[in-house]
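Asker: Below: one structure in structure tokens.
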Amino acid sequence: MFQNPFFDGHEQVVSLYDAGSGLRAIIAVHSTSLGPAAGGCRLWSYDQSGDALSDALRLSRGMSYKNAIADLPMGGGKAVILGPVPPERREALFEAFGRAIDGLGGLYITAEDVGVSEKDMAVVARHTRFVSGVAVQKGIGGNPSPSTARGVRIGLEAAAKLALARNELEGMRIAVQGLGGVGFNLCGELNARGARLVVADIANARVEEACDLFGAEPASTDDILLADVDVVAPCALGGVITPDVARKMRATVVAGGANNQIASDKAGQILFDRGITYAPDYVINAGGIIMVTAEYLGNTESSEVDQAIERIGDRCARILQRSRSEARPSHIVADEMARAIIARAQNKHRHPEPA
Numbered sequence: 101m102f103q104n105p106f107f108d109g110h111e112q113v114v115s116l117y118d119a120g121s122g123l124r125a126i127i128a129v130h131s132t133s134l135g136p137a138a139g140g141c142r143l144w145s146y147d148q149s150g151d152a153l154s155d156a157l158r159l160s161r162g163m164s165y166k167n168a169i170a171d172l173p174m175g176g177g178k179a180v181i182l183g184p185v186p187p188e189r190r191e192a193l194f195e196a197f198g199r200a201i202d203g204l205g206g207l208y209i210t211a212e213d214v215g216v217s218e219k220d221m222a223v224v225a226r227h228t229r230f231v232s233g234v235a236v237q238k239g240i241g242g243n244p245s246p247s248t249a250r251g252v253r254i255g256l257e258a259a260a261k262l263a264l265a266r267n268e269l270e271g272m273r274i275a276v277q278g279l280g281g282v283g284f285n286l287c288g289e290l291n292a293r294g295a296r297l298v299v300a301d302i303a304n305a306r307v308e309e310a311c312d313l314f315g316a317e318p319a320s321t322d323d324i325l326l327a328d329v330d331v332v333a334p335c336a337l338g339g340v341i342t343p344d345v346a347r348k349m350r351a352t353v354v355a356g357g358a359n360n361q362i363a364s365d366k367a368g369q370i371l372f373d374r375g376i377t378y379a380p381d382y383v384i385n386a387g388g389i390i391m392v393t394a395e396y397l398g399n400t401e402s403s404e405v406d407q408a409i410e411r412i413g414d415r416c417a418r419i420l421q422r423s424r425s426e427a428r429p430s431h432i433v434a435d436e437m438a439r440a441i442i443a444r445a446q447n448k449h450r451h452p453e454p455a
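Take 101 as the starting number for the sequence shown in this note's numbering and just add one per residue.
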């Protein structure tokens, strides 16, 4: 594990196995300097267990950065469950997962992510209180995807204003890769503001639905990132912006909901060198964790959550402006800002102020 390229001083990495349900999972706790490690639970069929570990390590670090930049009292963690999961075992598996979460005593707070549903989180909640995104309370709670999509749209608007000098999305061509919970909700946000959509997903039915509802133009999953559009919004899995893709992209802005969109620093540098504005993913896709954190902490005022999500635009703009002024890629600037916030919290714990 310590030789894994995504290991970054993680505080704890826990392997879970439950013979009765077949649960195989990894929980990675990157940092608790700002609070308990918070991050979603992902269910995915990995080619090998090493890929699952890499995913957990990479995503948990991203959650530390996301929560720090979003000014949340949470550290960063992530759980990955190794699929596939037979339907007849699903409930028992998530019950076992809930018991395991509870056994950590609040070190890690889980929520819904790729491959996991609100119903699954309700099963987890039978066995632990260290879970969020379960029930709607006074307008907040439940599925975090709409809140995530709203934040992405706000961040996308900020990036487009800076890069394209356009204050409105009316008539803007935007390619959305991935029509899951976040991608589909993002299409709704963009369509409502007059954007012209190009969409792609591995599920043809989802593409057809987006075309019917939003007047979108279909594209192949192979070509969507290279579409002749103003903005590309990756909303599927991470690592899609490789150096080769970065060299060939025709969009002026990259702003989407997927985590870890840039496959490497080299890819990010190529985007920057080509004048393509990249809105750092964990900066603009923080709407879901903002909502989930509010639910977990009992802050049920939807207006406060809405205001917190609106602030994503200002954060994104500041990072992009700093990127320009310092002539450095935006993802490097954002990472440094997040690490500085975490380091200050760590130093405060080591050297508490006198009473």
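Where is the CB? At the ideal position from N, CA and C, for every residue including glycine. Keep in mind it's a predicted model, so treat the numbers as computed, not measured.
Report, in whole angstroms, the separation of the C-beta atoms of Val-299 and Ala-292, which I expect to be a contact under 8 Å.
Answerer: So it is not a contact: roughly 15 Å between Cβ atoms.
Asker: So Arg-266 is in the alpha helix (DSSP H); what residue range does that whole segment cover?
Answerer: It is not in any alpha helix (DSSP H) - Arg-266 carries neither H nor E in the DSSP assignment.
Asker: What does DSSP give as the partner residue(s) for Tyr-208 in the beta ladder?
Answerer: The partner list for Tyr-208 (beta bridge, DSSP) reads Ala-137.
Asker: Report all residues from its chain with a CB closer than 7 Å to the CB of Leu-337; omit the five preceding and five following residues, and keep chain order.
Answerer: Taken in chain order, the residues that qualify are Ala-358.
Asker: State the DSSP-derived secondary structure class of His-456, mapped to helix, strand or coil.
Answerer: Beyond the ends of the chain as shown, which are 101 and 455, falls residue 456; an answer cannot be given.
Asker: Within 10 angstroms of the Cβ of Gln-103, are there 16 or more other Cβ atoms? Answer buried if so, exposed if not.
Answerer: Burial call: exposed.
Asker: In the DSSP output, which residue or residues are listed as bridge partners for Gly-176?
Answerer: Per DSSP, Ser-131, Ala-138.
Asker: According to DSSP, is Thr-377 helix, strand or coil?
Answerer: It is a strand residue.
Asker: Which residue wins for smallest C-alpha separation from Gly-183, given the options Asp-202, Arg-142, Ser-430, Gly-255?
Answerer: Comparing Cα positions, the closest option is Arg-142.
Asker: Counting only the same chain and skipping the five closest in sequence on each side, list residues whose C-beta sits under 6 Å from that of Ala-417.
Answerer: Result list for Ala-417: Ala-258, in chain order.
Asker: Given a threshold of 16 other Cβ atoms within 10 Å of its Cβ, counted over all protein chains shown, does His-449 qualify as buried or as exposed?
Answerer: So His-449 ends up on the exposed side.
Asker: Any idea what DSSP makes of Val-345, helix, strand or coil?
Answerer: If DSSP states are grouped into helix, strand and coil, Val-345 belongs with the helices.
Asker: Assuming Ala-196 contacts Ser-160 under a Cβ cut-off of 8 Å, what Cβ separation, rounded to an integer in Å, is found between them?
Answerer: Contact flag wrong, Cβ pair sits at about 21 Å.
Asker: Could you check if Arg-253 is buried or exposed, using at least 16 other CB atoms within 10 Å of its CB as the buried criterion?
Answerer: Per the 10 Å Cβ criterion, buried.
Asker: Taking 6 Å as the limit between beta carbons, can you name the residues of its chain near Arg-273, skipping five residues before and five after?
Answerer: For Arg-273, where only same-chain residues beyond five positions count, the Cβ hits under 6 Å are Arg-296, Val-329, Asp-330.
Asker: For Ala-152, which residues from the same chain have a beta carbon less than 6 Å from its beta carbon, with the 5 sequence-adjacent residues on both sides left out?
Answerer: The answer, listed in chain order, is Ile-126, Tyr-146, Val-180, Leu-182.
Asker: Considering Cα atoms alone, identify which of Asp-155, Met-221, Arg-190 is closest to Ile-201.
Answerer: Nearest C-alpha to Ile-201: Met-221.
Asker: Could you tell me the alpha carbon to alpha carbon distance between Leu-290 and Gly-413, rounded to whole angstroms?
Answerer: Going by the C-alpha atoms only, they are around 15 Å apart.
Asker: Kindly indicate the opening and closing residues of the beta strand (DSSP E) around Gln-421.
Answerer: Here Gln-421 belongs to no beta strand (DSSP E); instead the alpha helix (DSSP H) covers 402–426.
Asker: At 4 residues or longer, what runs of the alpha helix (DSSP H) sit wholly inside the segment 149–203?
Answerer: Listed in chain order, the complete alpha helix (DSSP H) runs (minimum 4 residues) inside the segment 149–203 are 149–169, 190–203.
Asker: So, are the CB atoms of Gly-215 and Trp-144 less than 7 Å apart?
Answerer: It is a contact, given that the beta carbons lie within the stated cut-off.
Asker: Can you have a look at Gln-148 and say buried or exposed, based on whether 16 or more other CB atoms are within 10 angstroms of its CB?
Answerer: Looking at its Cβ environment, which holds fewer than 16 other Cβ atoms inside 10 Å, Gln-148 is exposed.
Asker: Give the straight-line distance between the Cα atoms of Tyr-208 and Gly-176, rounded to the nearest whole angstrom.
Answerer: Answer to the nearest angstrom: the Cα atoms are 8 Å apart.
Asker: Could you give the residue range of the alpha helix (DSSP H) that holds Val-299?
Answerer: Unbroken run through Val-299 is the beta strand (DSSP E), 296–300; no alpha helix (DSSP H).
Asker: With a threshold of 7 Å on Cβ separation, who are the neighbours of Glu-191 within its own chain once the five nearest residues in sequence on each side are excluded?
Answerer: Contacts found: Val-223.
Asker: Alpha carbon to alpha carbon, how far is Asp-155 from Thr-342? Give it in angstroms, no decimals.
Answerer: For Thr-342 and Asp-155, the distance between alpha carbons rounds to 17 Å.
Asker: Give me the Cβ distance between Ile-442 and Ser-131, rounded to the nearest whole Å; I'm assuming they're in contact under 8 Å.
Answerer: Contact holds; Cβ gap of about 6 Å.
Asker: I need the straight-line Cα distance from Ser-245 to Tyr-396, nearest angstrom please.
Answerer: Cα to Cα, the separation comes out at about 16 Å.
Asker: If we ignore side chains and look at the alpha-carbon of each, how far apart do Pro-454 and Gly-140 end up?
Answerer: Annotation note: pLDDT 49 at Pro-454 (below 50); position unreliable, no value reported.
Asker: Could you check whether the Cβ of Arg-253 sits closer than 7 Å to any Cβ belonging to chain B?
Answerer: In the structure shown, chain B does not exist; there is a single protein chain.
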